[in-house]
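Just so you know, the sequence shown maps onto residues 1 to 145 in this note's numbering.
By construction, the Cβ of each residue, glycine as well, lies at the ideal position given by its N, Cα and C atoms.
Treat the numbers as computed from the prediction; the structure is a model and nothing was measured.
For reference, the structure is listed below as structure tokens.
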Amino acid sequence: MAVIRNFRYDDLDRIAEIVSSSLGEYYPKSLYLEKSHDWEEGFLVGVEGGRVVAMLLGIVQGRFETRILMFAVERSYRKRGIGRELMERFIDLSVMKRVKRISLEVRRSNLEAIRFYEKFGFKNTGVLFMYYSDMEDGLKMAKQL
Ligand SMILES: CC(C)(COP(=O)(O)OP(=O)(O)OC[C@H]1O[C@@H](n2cnc3c(N)ncnc32)[C@H](O)[C@@H]1OP(=O)(O)O)[C@@H](O)C(=O)NCCC(=O)NCCS
């Protein structure tokens with residue numbers, strides 16, 4: 001069973017590793033810190049055996065929306081329910097924040113993640129043409145609360 005808790009400063013190295021290996025993105029550590037200051041509760045990690053193995057970084061966007069900016073479970077820990085635990089916690093937090101919807105973007109080819117999001121009630125709300133740095137399209141998805 002994974003423990004879900006808030007991000008802490010000493011998680012930074014593991015977060016950067018998970019984001020690079022699972023999402024192929026390399027962000028400066030200052031970006032994670034900046035986002036964590038904006039909305040501390042919205043930055044979640046999944047810990048198993050004392051090791052951070054998953055992360056979900058969400059932000060508040062305007063008065064009515066939260067947005068998932070990054071979400072990844074380390075490959076060898078997938079399909080064990082850790083993603084579900086993180087998503088359920090994030091939905092609860094968003095409900096408590098009294099926002100009306102949760103939004104996110106996902107690569108059009110990432111069918112596994114799209115299926116995962118659909119299971120939680122996210123629906124396709126548009127296409128972002130050539131959204132990613134390699135020119136792949138993004139799908140916009142949102143869940144009404
Ligand atoms: C999308 C992602 C976060 C989901 O995380 P996850 O921990 O694998 O998700 P879960 O384990 O909660 O659920 C995924 C699947 O495992 C299944 N599962 C959950 N617990 C299980 C268990 N104990 N045994 C077997 N399968 C299980 C779920 O039913 C689901 O299966 P399905 O999609 O075939 O119906 C993960 O695949 C990931 O990190 N992908 C790469 C990064 C990525 O694409 N992020 C999203 C970018 S927008």
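For the pair M87 and G121, the Cα-to-Cα distance works out to about 11 Å. Under the rule that a run must span 4 or more residues, the alpha helix (DSSP H) segments found entirely inside the segment 48-100 read 82-96. Around the CB of K100, fewer than 16 other CB atoms lie within 10 Å, so the residue is classed as exposed.
Short note on K119: C-beta closer than 8 Å to some heavy atom of ligand 1.
S109 and R80 have their alpha carbons spaced roughly 22 Å apart.
When DSSP reads this structure, L104 sits in a beta bridge with I68 and M141. DSSP places F43 within a strand segment (E or B) once states are collapsed to three.
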